[in-house]
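K.L.:
Going down the list, the sequences are from chains A and B. Going left to right, the first sequence walks through residues 1 to 251 as the working numbering numbers them. Going left to right, the second sequence walks through residues 1001 to 1251 as the working numbering numbers them. Every residue, glycine too, gets a C-beta built ideally from N, C-alpha and C. Would you mind keeping the following structure in view while I ask a few things?
There are 2 protein chains.
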Amino acid sequence: MNTRAKKTNHQTPCTLCPVRQLGIFQRLPEAQVIKVQQYRSGQCVLPAKTLIYRQGEVHNHLYTLFTGWVMLYKTLSNGSRQILRYVLAGDFLSFQPDARVPMTHSAQTLTETTLCVFPRQNLMQLFNEHPEVAAQITLITARDITLSYEYLVNIGRKNARERLAFLFLEIYHRILPQLPETGTTIVFPLTQEDIADTVGLTLVHVNRTLRSLREEGLVQLSHHKLTILDYPRLVCLAGFNLQSVMNQPLL
Amino acid sequence: MNTRAKKTNHQTPCTLCPVRQLGIFQRLPEAQVIKVQQYRSGQCVLPAKTLIYRQGEVHNHLYTLFTGWVMLYKTLSNGSRQILRYVLAGDFLSFQPDARVPMTHSAQTLTETTLCVFPRQNLMQLFNEHPEVAAQITLITARDITLSYEYLVNIGRKNARERLAFLFLEIYHRILPQLPETGTTIVFPLTQEDIADTVGLTLVHVNRTLRSLREEGLVQLSHHKLTILDYPRLVCLAGFNLQSVMNQPLL
DNA sequence: ATTTGACATTAACCTAGGTTAATTTCTATG
DNA sequence: CATAGAAATTAACCTAGGTTAATGTCAAAT
């Protein structure tokens, strides 16, 4: 990991984890969570814009995101970048199939971020001793696939306005459960270039499209605050389906 | 499932499974595989163009693909289609996180296909009794994510020629281990419209691009046979990385 | 041997989004 | 509060890929 990473002094015990409901352990009874905590090697805090790991390098940790925003992306030989996913509190990070294989993407913080660190070596042991955790991880991974399929449709078969509408709704709905009170405005740390590299457009065209969405009273994005102005029309425009985006079954 | 599905009479025992090395059970010892087989409810054979399950419907089976080609896709309200992935022998099918939630995509056979069927109810039990299987499933799912990320880059950040080059190489490499002898020609059951719906282009432009690739002596595609004519240049054009595509660690 | 429908091919034309480049805010830092 | 670098905005122009539509080819079915 990068330079300025520091371990926190007061570490949150897993039993008190505020994001537990979102993450790996949501269905585990208290007693089990305490055991799982033994496998955790620590929490660490990273400033914004920190590289967590780089595409092409072997990386030996797994993380759960505790607070903050992280983006996963790939860089092409021609210099362009494709952002794959935004990792939010409770999500998984760097879960690659084989520890010996170098990472196929990079991860970088967008905001200050707290991570819970699990060394990769312990993973098999954890699976053997706690099959419920293994099952839970399987489910989370399956949801990640569902989301990336949604992204494929977004980039492959929608126009610029639809792509942005989808991205905004997706992030809005994933952030909402973490906020103290529900509102139509959220903090939104992406730059217009980040947005462009997420939805397969150019920065200039994202700017044009944002203007068009703003002028039609659908969303307002400025100074890293996103406001959903007309939720129903936005959902319709985006072809948005909550099920495909949330990390939870809807009860 | 659809009408004409039929159960095979002589079912392959899991211990003799020719695709075992590719699938869930690659790292499981013989004895364990025999136990896993108890959870399998059968094998079935489907003709080409059969719908296995449909987006929006609850579906209660999991499958391993034994032989044949299956495509996963989503249909948009405007009628367009995005193909998400081609499922080949040894791959997983319909692994969705929650059994109560309707499928978020559809699956259809491209060729005659043999599936191994596992009822979803048994899944948790299987996980509890055989955590190694859970771990293995997690790894396969993680690889599926890696592949879908590769697709995102392909659609989001490459031009038409690069997209086709990538698709051809990806499928070529995934099919190759299954063929009796290695050659540069493979059977390729996709239509040009399928290709278009996979890489986010139109059928007409796929045709133009195919001509351009053919005229430059890179690939030859006709009558559902694909020939890789200039592998090195194709790899370079596609920005192709084997690691991100294969379901196996490279030894 | 002929029909039919699915698939492939091509051409002519058009537009959504890309490119380039200049200008204007922000925002962090001393 | 001055300044520099990052981010946003806009305009002018251009092209990769989309659209429409006509025609050709192939393979299955009668």
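Measuring CB to CB, does A/ARG120 end up less than 8 Å from A/ALA135?
P.N.:
Their beta carbons are not under 8 Å apart, which means A/ARG120 does not touch A/ALA135 by this criterion.
K.L.:
Around the C-beta of B/GLN1108, are 16 or more other C-beta atoms found within 10 angstroms, so that it is buried, or is it exposed?
P.N.:
B/GLN1108 should be labelled buried.
K.L.:
Measuring alpha carbon to alpha carbon, tell me which residue in B/ALA1160, B/GLY1156, B/ARG1161 is nearest A/ASN159.
P.N.:
Of B/ALA1160, B/GLY1156, B/ARG1161, the residue nearest in Cα terms is B/GLY1156.
K.L.:
Can you pull the chain A residues whose beta carbon is under 8 Å from the beta carbon of B/ILE1052, in chain order?
P.N.:
Those do not exist, as B/ILE1052 stays about 16 Å from chain A at its closest Cβ, beyond 8 Å.
K.L.:
B/LEU1213 and B/VAL1204 look like a contact to me (Cβ under 8 Å); what is the Cβ gap, rounded to whole Å?
P.N.:
In fact, because the Cβ distance is near 15 Å, the residues do not count as touching under 8 Å.
K.L.:
Where are the alpha helix (DSSP H) runs, 4 residues long or more, that stay fully inside the segment 1134-1195 of chain B, in chain order?
P.N.:
Taking only runs of at least 4 residues, the alpha helix (DSSP H) segments lying wholly in the segment 1134-1195 of chain B are 1160-1175.
K.L.:
Going by the CB atoms, is the gap between B/LEU1051 and B/VAL1070 shorter than 8 Å?
P.N.:
No; because the gap between Cβ atoms is not below 8 Å, this pair is not in contact.
K.L.:
Which word fits A/ALA89, buried or exposed, when buried means at least 16 other C-beta atoms lie within 10 angstroms of its C-beta?
P.N.:
A/ALA89 is buried by the Cβ-count criterion.
K.L.:
8 Å is my cut-off, CB to CB: does A/VAL206 come that close to chain B?
P.N.:
Taking Cβ atoms only, chain B never reaches closer than 8 Å to A/VAL206, which makes this a no.
K.L.:
Give me the Cβ distance between A/PHE95 and B/ALA1142, rounded to the nearest whole Å; I'm assuming they're in contact under 8 Å.
P.N.:
The Cβ separation is near 6 Å, so the contact holds.
K.L.:
Beta carbons nearer than 7 Å to chain B: which residues of the segment 67-87 of chain A have them?
P.N.:
Result list: LYS74, LEU76, SER77, SER80, GLN82, LEU84.
K.L.:
Candidates A/MET124, A/GLU129, A/GLN192, A/THR113: which alpha carbon is nearest A/LYS225's?
P.N.:
Per the Cα distances, A/GLN192.
K.L.:
Using a Cβ distance threshold of 8 Å, determine whether the segment 1124-1134 of chain B contacts the segment 127-134 of chain A, with at least three qualifying pairs required.
P.N.:
These segments touch.
K.L.:
Here's the rule I'm using: 16 or more other beta-carbon atoms within 10 Å means buried, otherwise exposed. How should B/HIS1059 be labelled?
P.N.:
With 16 or more Cβ atoms within 10 Å of its Cβ, B/HIS1059 is classed as buried.
K.L.:
In the DSSP output, which residue or residues are listed as bridge partners for B/MET1071?
P.N.:
Per DSSP, B/TYR1086, B/GLN1108.
K.L.:
From A/ASP197, A/THR185, A/SER244, pick the residue whose C-alpha is nearest to that of A/TYR231; which is it?
P.N.:
For A/TYR231, the nearest C-alpha among the options comes from A/THR185.
K.L.:
Since B/PHE1127 meets chain A, which of its residues come closer than 9 Å, beta carbon to beta carbon?
P.N.:
Chain A residues near B/PHE1127: PRO131, GLU132, ALA134, ALA135, THR138.
K.L.:
Could you give the first and the last residue of the continuous alpha helix (DSSP H) run that contains B/LEU1076?
P.N.:
No alpha helix (DSSP H) contains B/LEU1076, which DSSP labels as neither H nor E.
K.L.:
Taking B/ALA1183 as the reference, which of B/TYR1149, B/GLY1079, B/ILE1228, B/ALA1048 has the closest Cα?
P.N.:
Contrary to the premise, residue 1183 of chain B reads as Gly rather than Ala in this sequence. Of B/TYR1149, B/GLY1079, B/ILE1228, B/ALA1048, the residue nearest in Cα terms is B/ILE1228.
K.L.:
Is A/THR227 helix, strand or coil when you go by DSSP?
P.N.:
Of the three classes helix, strand and coil, the one that applies to A/THR227 here is strand, per DSSP.
K.L.:
Determine whether the beta carbon atoms of A/CYS44 and A/LEU123 lie at a separation below 8 Å.
P.N.:
The answer is no: Cβ separation not under 8 Å.
K.L.:
Hey, quick one: how far does the beta strand (DSSP E) through B/LEU1221 stretch, first residue to last?
P.N.:
It spans 1219-1222 - the beta strand (DSSP E) in which B/LEU1221 sits, taken as one unbroken run.
K.L.:
A/TYR149 CB to nearest chain B CB: under 8 Å?
P.N.:
Yes, A/TYR149 counts as interfacial toward chain B.
K.L.:
Is the CB-CB distance between B/TYR1086 and B/ILE1171 below 8 Å?
P.N.:
Taking 8 Å as the Cβ cut-off, B/TYR1086 and B/ILE1171 qualify as a contacting pair.
K.L.:
Using 8 Å for Cβ pairs, my map puts B/LEU1065 next to B/LYS1074. What's the rounded Cβ distance?
P.N.:
Going by Cβ atoms, the distance from B/LEU1065 to B/LYS1074 rounds to 19 Å, so no, they are not a contact pair.
K.L.:
Could you give the DSSP three-state label for A/PHE95: helix, strand or coil?
P.N.:
A/PHE95 falls in the coil class under three-state DSSP.
K.L.:
Compute the Euclidean distance between the alpha carbons of A/LEU237 and A/ARG163, then round it to the nearest angstrom.
P.N.:
Cα-Cα distance, rounded: 9 Å.
K.L.:
Just list the residues that DSSP pairs B/THR1015 with in beta bridges.
P.N.:
Its beta-bridge partners do not exist; DSSP assigns none.
K.L.:
Starting from B/LEU1201, trace the beta strand (DSSP E) in both directions and tell me its first and last residue.
P.N.:
Premise fails: B/LEU1201 is in no beta strand (DSSP E) and is neither H nor E.
K.L.:
So that I know if they touch, is there some Cβ in chain B lying closer than 8 Å to that of A/ARG157?
P.N.:
A/ARG157 counts as touching chain B.
K.L.:
Starting from A/LEU51, follow the beta strand (DSSP E) in both directions and report where the run begins and ends.
P.N.:
51-53 is the extent of the beta strand (DSSP E) around A/LEU51.
K.L.:
Mind pulling the chain A residues with CB within less than 7 Å of B/PHE1095?
P.N.:
Those are ALA142, listed as they occur along chain A.
K.L.:
Check whether the Cβ atoms of A/THR104 and B/SER1244 sit closer than 8 Å, and answer yes or no.
P.N.:
In contact: A/THR104 and B/SER1244 (Cβ atoms closer than 8 Å).
K.L.:
Distance cutoff 8 Å, beta carbons only. Does B/LEU1167 sit that close to anything in chain A?
P.N.:
No, B/LEU1167 lies away from the interface with chain A (no Cβ there is under 8 Å from its Cβ).
K.L.:
Given a limit of 7 Å on CB to CB distance, which residues of the segment 233-248 of chain A reach chain B?
P.N.:
Result list: GLY239, GLN243, SER244.
K.L.:
From which residue to which residue does the alpha helix (DSSP H) around A/PHE240 run?
P.N.:
No alpha helix (DSSP H) holds A/PHE240; DSSP gives it neither H nor E.
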